[in-house]
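Okay, so the sequence shown: first residue is 39 according to the working numbering, each after it adds one. Written out below as structure tokens is the structure these notes cover.
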Amino acid sequence: MTVPAMAGDTAVVHPELWPEVSSPLPPDPVLESRVQALLAKMSVADKVGQMIQADIKYVTPDDARKYRLGSILAGGNSKPNGQQTATAVQWQQLSDAFYHASMDTAGGRLAIPVLFGIDAVHGHNNLVGSTLFPQNSALGATRDPQLIHEIGEVTAKELRASGINWTFAPTLTVPQDVRWGRSYEGYSQNPALVAQYAAAVVGGLEGKPGTPQFLDAEHVIATAKHFVGDGGTRDGKDQGDAEVSEAVLRDVHAAGYPPAIKAGVQVVMVSFSSWNGVKMAGNKALITDVLKERMGFDGIVLGDWNAHGQVPGCTNEDCPVAYNAGLDMLEAPDSWKGLYENTLAEVKGGVIPMSRVDDAVTRILRVKLRLGMFEAGPPSANPLVARSAQVIGSPAHRALARRAVRESLVLLKNNHGVLPIDPRKHILVAGDGADNISKQNGGWTLTWQGTGLTNANFPGATSIWAGLRAQVQAAGGSAELAVDGDYKQRPDVAIVVFGEDPYAEFQGDLPNLAYRPGNDHDLDLLRRLHVQGLPVVAVFLTGRPLWMNREINAADAFVVAWLPGSEGEGIADVLLRTRDGRIAHDFHGKLAYAWPRSAVQIPVVAAARGERPQFPYGFGLTYADRGNTGPLSEDAGIVLSAARAGVYFTHGKPTQGFTLRLTGANGAATNVAATPAATPDGSLRIGALDYKAQEDARSLSWSGNGAADVALVAPAPLDVERETNGDVLLVTTLRVDAVSSGETSIGVGCGIGCSGEVPVGRQLAALPHGQWLRLGIPLKCFRDAGANMSSLDRPFEWTSHSGEQVAVTDVSLGTVADRTLACPAHGGKP
């Protein structure tokens, strides 16, 4: 089982205490001589280009040709031609374009094929029509390494069929505090299970070393991530600090790396997080002394998305410390050009030794040669591309995903033998997750956060409702979908499908383990059906265990479906009997994470104190278990509040603790206690209006001479630095009624004399007037305009002049908007 996280006293590393690993790939003299021959022909600029990875949103094939970049990636929101979603043909065409650019020898250039990496973390989840498997926290419940191996094989084939040869998977984190928003990317809290799965999935993705199948045309490069300690940060904070001893770091959080290396993994991605205060991207002792030397890893050590910029003394565009610590390639999605120029100067100036550069490029070339890239030709030459329509989302692949759904379901309660259900009955299917393929997949699905999608974006996939309806109708019964539970015909049983909305990374961080605190919509639905005398089956969609005692009490049966992916019919396979009354598929899943007893209990930490969780690691009922579950305590341990991080203004009102402040053209400020209100000089007025409910929005009107502004003032400085490093937006739901001038700006404040403002007047003028929409501004715009994003006291500030009229209902952080404004070419005040 797990080792409790104990606070470490030091960040000193003792490499001799870490496991020695024997590579399954003995030195290949022919391959190594080819590497050295290529090195001898490369200029310093060629070498530096190989050490940089750029995102397709910010780089073109012509850039790759000019700068000789070693790799490109497609981030969660990056698609060919800037689309939200993309087909296999579009991915193939883009991949070919970058390949041909990298192989262009005009002007004496050296042809070195470019690698193309992507986050294929539960199948090829960036591709429309692909097979989407359950997320990793679900797969941990299957206890089936062979299944994990087969999932890796299928994922590799679908990647290759779309022209991509590298996945940033598997995630080998061992989450110890599931408040962490990336917990669903981890297989289990148990390092032994993660270690077992590591070898299985790497073998599936890459093939077995020493066989002809290893990195052949049907396999891809795998990436073990995130080295190391990302699942052990304090309070489960993403990109936070793992305050644990070296023994815990080694035995718990690094457990998956030795088996992954033994299985031949070719890339290790270094974590955003820190260990006892030292950022991993700058930790030479762990990267070079442990991973490369002690563990003998001879592939590419890759940085995460601009993670090097968080190393003290570094920026996204300049970080010799990371290279000198042992990183071979830096992921610099939008900062690659500045990083290239600074790194080139630092190599020429000796800040980064040439020996370090040659080691990095040797590793990069070694992996490319092992993949056979120099002989394979363009990605479209892969035989799988020609039959991509038969490979991607094939019946066999979907059948495997459906099996994974069946095996991952965990039964927590089944009072009175409500399950399995007779499909010949009339069955109500309710809840907002019933017919919602996006919700059953979660984050990292077509978009980074998995949001902004409809069922139409998932051709070939099956919602949970569709799977239930098909089997019920085939058995002669009837099924009725009523999301809100208002059925037309009284059912014999109700199945309610509900759970977490999609999220990824830090957007999913939680302050506690309460499920939707302050929002009892799902609980009320369960209770309303239950008091009508209906047997109620709850199907919970989630990436992690949450405190659900009230919902469990309100249901006769409670099934944890996790985030099951594209094949929702796998749930019907287990919940329903066959037409002749047999049980075709029993419950198989066992908890890979202990379930919390209260909203504040962190089970792994509590276990170290001898406290029992609500349901222990390994728990899971089957149909043979006849005992009923008694009522569970409904004491959450905290006051359940609806306040959420990243929400500043909602339904026309500041979030609890925030203040709405108006500052007039004369500089005099006033806090808004009630509407209507105005600045003392009358240059800015605020009133209430209706958007979707009574007075759930605020109107703002500017008049008089000079600029006036409205600001949301935080109760304490906010740190959104990590949110700035990516595609997170400041999203405002608004209606533009009149635009005053090009001098309008939206900004943030970070104390006296500290701010970042983005001019928006001209872009607002181009918006449709009189229509509500969600307007997004990338947080990085405010950073580039001079704001200190780690200490915002005003996370939203709108400044304008006479003639502006707008209405606002919500202001929050997010990743989806109807319109996203462009950052100005140069930051600062307009």
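Where is the CB? At the ideal position from N, CA and C, for every residue including glycine.
Test item: CB-CB of residue i and residue j under 8 Å
i	j	result
Y361	A398	yes
I299	V405	no
Q227	V642	yes
P297	A345	no
V597	A576	yes
N550	L670	no
A746	W740	yes
R812	A855	yes
I770	V849	Checking the sequence shown, residue 770 turns out to be Thr, not Ile. Taking 8 Å as the Cβ cut-off, T770 and V849 qualify as a contacting pair.
D336	M89	no
L340	V308	yes
V880	G269	Look at the range of the chain in this structure, 39 to 868, and you will see that residue 880 is not part of it.
C788	L738	no
L205	I156	The identity of residue 205 in the sequence shown is Thr, whereas the question assumes Leu. In contact: T205 and I156 (Cβ atoms closer than 8 Å).
C291	A301	A quick correction: the sequence has His, not Cys, at residue 291. The answer is no: Cβ separation not under 8 Å.
Residue i to residue j span [Cα, whole Å]
i	j	result
G656	T697	47 Å
A873	G224	Residue 873 lies beyond the residue range present for the chain, which begins at 39 and ends at 868; the question has no answer from this structure.
I325	A230	22 Å
S373	E355	6 Å
L519	L564	15 Å
R408	S140	18 Å
G824	R760	16 Å
I465	A532	6 Å
D47	V316	Interpretation of D47 is limited by its pLDDT of 46, a score under 50 that renders its predicted location unreliable; no figure is taken from the coordinates.
N321	S783	41 Å
I790	N826	12 Å
R857	W486	17 Å
V574	K477	21 Å
T143	A149	6 Å
I402	K691	53 Å
P57	M333	7 Å
G742	A706	14 Å
V685	T616	47 Å
W503	P458	16 Å
A860	A845	21 Å
R832	T693	13 Å
E369	I189	26 Å
Host beta strand (DSSP E) of residue i (start-end)
i	result
S783	S783 to G787
R736	A735 to W740
K263	T261 to F265
Y686	V685 to T688
S109	S109 to A112
S516	S516 to L519
L767	L767 to A776
Q234	Where Q234 is concerned, there is no enclosing beta strand (DSSP E), although the alpha helix (DSSP H) it sits in stretches over P229 to E244.
R812	W810 to P816
Boundaries (first-last residue) of the alpha helix (DSSP H) holding residue i
i	result
L377	W374 to K386
F412	M411 to A414
V642	P641 to A646
D565	For clarity, residue 565 is Arg in the given sequence; the question names Asp instead. H559 to H568 is the extent of the alpha helix (DSSP H) around R565.
G71	Looking at the sequence itself, residue 71 is Ser, so the reference to Gly does not match. Here the alpha helix (DSSP H) through S71 covers P67 to K79.
Status (buried if at least 16 other CB within 10 Å, exposed otherwise) for residue i
i	result
H626	buried
H559	exposed
S312	buried
A709	Per the sequence shown, the amino acid found at residue 709 is Asn instead of Ala. Exposed, by the Cβ-count rule.
A194	buried
G351	exposed
S81	exposed
G571	exposed
Q639	buried
Distance cut-off 7 Å: residue i Cβ against heavy atoms of the ligand HEM
i	result
S828	You won't find the ligand HEM in this model; it holds no ligand whatsoever.
Segment contact flag, the segment 112-125 with the segment 169-185, C-beta cutoff 8 Å, min 3 pairs
no
Taking 8 Å as the threshold, find out whether the segment 415-430 comes into contact with the segment 535-547 through three or more Cβ pairs.
no
Cβ pair count under 8 Å reaching 3, the segment 798-815 against the segment 770-777
yes
Flag this pair as touching only if the segment 372-392 and the segment 154-161 have three or more C-beta atom pairs under 8 Å; answer yes or no.
no
Meets three-Cβ-pair contact criterion under 8 Å: the segment 543-559 and the segment 506-514:
no
Using 8 Å as the Cβ pair cut-off and three pairs as the minimum, do the segment 602-613 and the segment 496-511 touch?
yes
Quick one: any contact between the segment 130-140 and the segment 91-108, if contact means 3 or more CB pairs under 8 Å?
yes
Cβ pair count under 8 Å reaching 3, the segment 424-433 against the segment 165-173
yes
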